[in-house]
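S.K.: All letters in the sequence shown, in the order written, are residues 20 to 284 by the working numbering. Ideal Cβ positions, reconstructed from N, Cα and C, are used throughout, including at glycine. No experiment lies behind these values; they were computed from the predicted model shown.
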Amino acid sequence: MPAAHGHLCDGHRKAIARGGLTPEQLAARRATGAVTLIDAWGTAWAVGDPTVVGRVLADCDLTILHASVSSQHARIEQQGPAWRVVDLGSKNGTYVDGVRVEAAPLTDGAQLRFGEVDMFFVERSLTTAAVAPGPGRTAPSRRDRLVFSASVTTTAGTRVELAQRVEGGVVRVGGTRVELARLEFHLLQLLTESRRDAPSPELAYVPWTTVAEKLEFRSYDADSENVRELVRRVRKKLDQAGVPDLIESRHGVGYRLAGAIEVES
Numbered sequence: 020m021p022a023a024h025g026h027l028c029d030g031h032r033k034a035i036a037r038g039g040l041t042p043e044q045l046a047a048r049r050a051t052g053a054v055t056l057i058d059a060w061g062t063a064w065a066v067g068d069p070t071v072v073g074r075v076l077a078d079c080d081l082t083i084l085h086a087s088v089s090s091q092h093a094r095i096e097q098q099g100p101a102w103r104v105v106d107l108g109s110k111n112g113t114y115v116d117g118v119r120v121e122a123a124p125l126t127d128g129a130q131l132r133f134g135e136v137d138m139f140f141v142e143r144s145l146t147t148a149a150v151a152p153g154p155g156r157t158a159p160s161r162r163d164r165l166v167f168s169a170s171v172t173t174t175a176g177t178r179v180e181l182a183q184r185v186e187g188g189v190v191r192v193g194g195t196r197v198e199l200a201r202l203e204f205h206l207l208q209l210l211t212e213s214r215r216d217a218p219s220p221e222l223a224y225v226p227w228t229t230v231a232e233k234l235e236f237r238s239y240d241a242d243s244e245n246v247r248e249l250v251r252r253v254r255k256k257l258d259q260a261g262v263p264d265l266i267e268s269r270h271g272v273g274y275r276l277a278g279a280i281e282v283e284s
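In structure tokens:
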């Protein structure tokens, strides 16, 4: 079947597509490699010897920001002329063609699963060109490239700290830390800056059209459902941090951040 989704045909895409993951939750430090991993959107990720796969950007060559993936989940390495995957003591396991493994050889076309995230292994190098953003998406400004951090004190008196990272960000509430993908953190940044700049809290609501315009969704033309799904995903992660009501919504008006804002940069 022809490749209709990047490097995947429709059948192979459906075989590894799972809910709860977006393209923005994947990032890589490696630009070239001898072999390749392909995600559910058909995007190719270069793999070299060795490549560490995990959830922490600073420690991994391929980062998957998903709760089922461990900080350093697995390592893909070359062993003689062949390749293999080695589990690094992950909580939710590494699987090859549906079988949980500690270490196993990889053959061309093997289906790899890290926790709940599936990918295909291809024993050759494939084009890793980035997916172009949709129309109307603006290029990042100089401010967007700066590290952004802020503190929010909720109406209940809870202090929430936001800190941007290279491909996402972190929310800290007391001793709890929750990682956000790039698009998820940019939503909080947009709402934080709107709340800071608005002359009154009632004017701090951001309509979904503005969210779709300001954020770089990968869909061709982001609509209200894309925005609602993003907000649901962020609220679910904020619930893990103990602040489920940090994002307020008003039907027909938009979204805003609750609480007092202190933007540091």
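Please identify the residue among Asp216, Leu40, Gln98 and Ala63 whose C-alpha is closest to the C-alpha of Ala47.
M.R.: Ala63
S.K.: Considering just the uninterrupted stretch of the beta strand (DSSP E) at Leu181, what are its terminal residues?
M.R.: Arg178 to Arg184
S.K.: Quick check on DSSP: helix, strand or coil for Trp60?
M.R.: coil
S.K.: CA-CA distance, Thr146 and Ala93?
M.R.: 23 Å
S.K.: At 3 residues or longer, and completely inside the segment 67 to 105: list those beta strand (DSSP E) runs for me, N to C.
M.R.: 70 to 73, 81 to 83 and 93 to 98
S.K.: Which term fits Thr157, buried or exposed, when burial requires 16 or more other beta carbons within 10 angstroms of its beta carbon?
M.R.: Bear in mind that a pLDDT of 35 at Thr157, under 50, signals an unreliable position, so the number given afterwards is only what the model happens to contain. Classification of Thr157: exposed, given that the 10 Å Cβ count is below 16.
S.K.: Touching or not, the segment 91 to 107 and the segment 61 to 78, by the rule of three or more beta carbon pairs under 8 Å?
M.R.: yes
S.K.: Starting from Arg269 and walking both ways along the alpha helix (DSSP H), at which residues does that stretch end?
M.R.: Looking at the DSSP string, Arg269 is not in any alpha helix (DSSP H); the run it does join, the beta strand (DSSP E), is Ile266 to Arg269.
S.K.: Tell me the DSSP bridge mates of Ser170?
M.R.: As a beta-bridge residue in DSSP terms, Ser170 pairs with Glu180 and Glu281.
S.K.: Which residue's Cα is closest to the Cα of Ser202: Asn245, Gly67 and Ala59?
M.R.: First, the amino acid is wrong: residue 202 is Leu here, not Ser. Taking only the C-alpha atoms, the option nearest Leu202 is Asn245.
S.K.: Are there 16 or more other CB atoms within 10 angstroms of the CB of Glu234, so buried, or fewer, so exposed?
M.R.: The amino acid occupying residue 234 in the given sequence is Leu; Glu does not appear at that position. Buried, because 16 or more other Cβ atoms sit within 10 Å of the Cβ of Leu234.
S.K.: Taking just the CA atoms, how far does Phe167 sit from Glu212?
M.R.: 10 Å
S.K.: Along the chain, where does the alpha helix (DSSP H) that runs through Asp258 open and close?
M.R.: Run containing Asp258: Ser243 to Gln259, per the alpha helix (DSSP H) assignment.
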